[in-house]
C-alpha cells in the first residue's frame, strides 16, 4: 500500500516538506566564513573569545579592541552573523551565538569559530536555530575531522549541509516562536543564578556566624560563635570506605540489588539510584560495605575530590568514596553535608601535591569542623535546604522548557507543524 502524501506537501530527499519550501544547501542560503570588512587601523571593534559564549548560546562578554590589533589572525564577523564553535569539545557543548551590538558593527574572535551570514534566502535567527538543531549537531559531529582532542567541523560540511528552507515569512515566525521559549529559559536561568548567589551568601553567614549569635571566639579554624565547639569528624561520626567487587565475576553485577556508588555520581545533594548494582554475594566477598541511609558520601580521589551526596537509602560504594555516618546526638547529616560543601576548597587543598589530588580516610577523620548545637544545625540546614529546593524547582522548569524547545525545533524546522503567517 502506497503512503498517501499529505495535502500541501511534497516528497523530497529529506522526506515530506511543505510545497512552498525548498531543499537547499546551507551555502545557498548563507555566506560561510565571509571575508573581513576593511576599517581604519584605529577604529574600534568588538572582540569575542570562545569563553565569552555560553553553552546555551549567549554572548556574555565583548571586549573593545583596535582594528589593527585583530585584523590578522582572528575570525571576522559583523552584526547579525551567527558564530559556531568548530572544535571539540566546544562544538559538542553548544557554543554558538547570534551576535549584535558590535562596536562599529564589526567583530573579531577565536580562530575556532565558523561564521554564517544570512543572504536573501534566509534570516539570521533561522540560521541560528538550524545549527542548533539535533539533526545538524549529530551530522556535524559524525563528520568532524582531525585527531582526538583536536577534531573540527569542516567548512565543506557546513557548506554542503542540506536542509528544508521555508519562505522568509515562515522563517521569521519559526524564529519568533523559538525565541520566545529561549527568553523563558533565560528568565529561569536568571532565577537559578539569583538563588545560587543567595545560597552562597547564606552559607557564608550561617556557617561562620550562625543564627542570632553576638559573641565570638578565636579558634584554630577561625572565629566562631562562643557556643560552638571545634570537633574532628572522628569525634562526631564514624567513617568507612568502599570497594570494587571483582569485575571478572559478572554474576556480582548481574541482577544486583544494592546501589553501588562511584564518585562520578556524587553530583546531586541526594543519591538513591546508581548506574550499577551489586549482589548479596558481591557484598559478602569483596571490600564493599553496606552504608546506611543518611550517610554523607564524599569523593576522595582525582577530579571528583570533595564532591558530596547524602544516601537516601542503604548503598554500597567504591573505594574512592568515604562514607560518614553521623552520631545523631552530636551531628545532623544535612548540616555536615553543607559544612563539607562550604569547606570543599580546604579539603581539596589537603590532597594537593600530585597530578591528581587525593585525600585519605585518615585526613577526613582528623578534619576539624565548627559544630553548633543539634537544634542550630537543624535550623541552618533547613534554611539552606529551602534554597536548594527552590533551585531544583527552577532547574526542573528549565529542563521542561528545553525539552519543549527541542521537540518544537524538530517539528518546525521540518515543516511537520506549520506556522500561521
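In our numbering, the protein residues as written are 30 to 450. The C-beta atom is built at its ideal place from N, Cα and C for all residues, glycine as well.
Going by DSSP in three states, residue i sits in which element: helix, strand or coil?
i           : result
residue 46  : strand
residue 333 : helix
residue 204 : helix
residue 355 : strand
residue 253 : strand
residue 87  : coil
residue 408 : helix
residue 305 : strand
residue 41  : strand
residue 242 : coil
residue 164 : helix
residue 298 : coil
residue 217 : helix
residue 60  : strand
residue 247 : strand
residue 432 : helix
residue 364 : helix
residue 237 : helix
residue 148 : coil
residue 154 : helix
residue 54  : strand
residue 270 : strand
residue 287 : strand
residue 169 : helix
residue 346 : strand
residue 389 : coil
residue 159 : helix
residue 193 : strand
residue 448 : coil
residue 328 : strand
residue 82  : strand
residue 67  : coil
Are residue i and residue j close, meaning C-beta to C-beta below 8 Å?
i           : j           : result
residue 393 : residue 351 : yes
residue 441 : residue 448 : yes
residue 259 : residue 427 : no
residue 403 : residue 361 : yes
residue 193 : residue 377 : no
residue 138 : residue 219 : no
residue 160 : residue 145 : yes
residue 165 : residue 203 : no
residue 406 : residue 268 : no
residue 291 : residue 322 : no
residue 346 : residue 293 : no
residue 177 : residue 59  : no
residue 240 : residue 409 : yes
residue 324 : residue 359 : no
residue 152 : residue 199 : no
residue 398 : residue 263 : no
residue 416 : residue 224 : yes
residue 221 : residue 55  : no
residue 335 : residue 385 : no
residue 289 : residue 300 : no
residue 132 : residue 73  : yes
residue 69  : residue 96  : yes
residue 356 : residue 420 : no
residue 338 : residue 379 : no
residue 371 : residue 227 : no
By DSSP's criteria, residue i is part of a beta bridge. Which residues make up the other side?
i           : result
residue 398 : 260
residue 451 : In the structure displayed, the chain extends from 30 to 450; residue 451 sits before or after that span and is not available.
residue 181 : 116 and 174
residue 127 : 111
residue 93  : 75
residue 232 : Per DSSP, none; premise fails for residue 232.
residue 277 : Answer is none; residue 277 lacks a bridge partner.
residue 340 : 300
On the CB-based measure, 16 or more other CB atoms within 10 Å of its CB, does residue i come out buried or exposed?
i           : result
residue 401 : buried
residue 30  : Confidence in residue 30 is poor, its pLDDT being 49 and thus under 50, which makes the residue's placement unreliable; the coordinate value appears in the next sentence. Residue 30 should be labelled exposed.
residue 250 : exposed
residue 368 : buried
residue 434 : buried
residue 234 : exposed
residue 309 : exposed
residue 35  : exposed
residue 395 : exposed
residue 143 : buried
residue 214 : buried
residue 67  : exposed
residue 311 : buried
residue 328 : buried
residue 167 : exposed
Would you say residue i faces chain D, with C-beta separation under 8 Å as the test?
i           : result
residue 245 : Note that chain D does not occur in the displayed structure, where there is just one protein chain.
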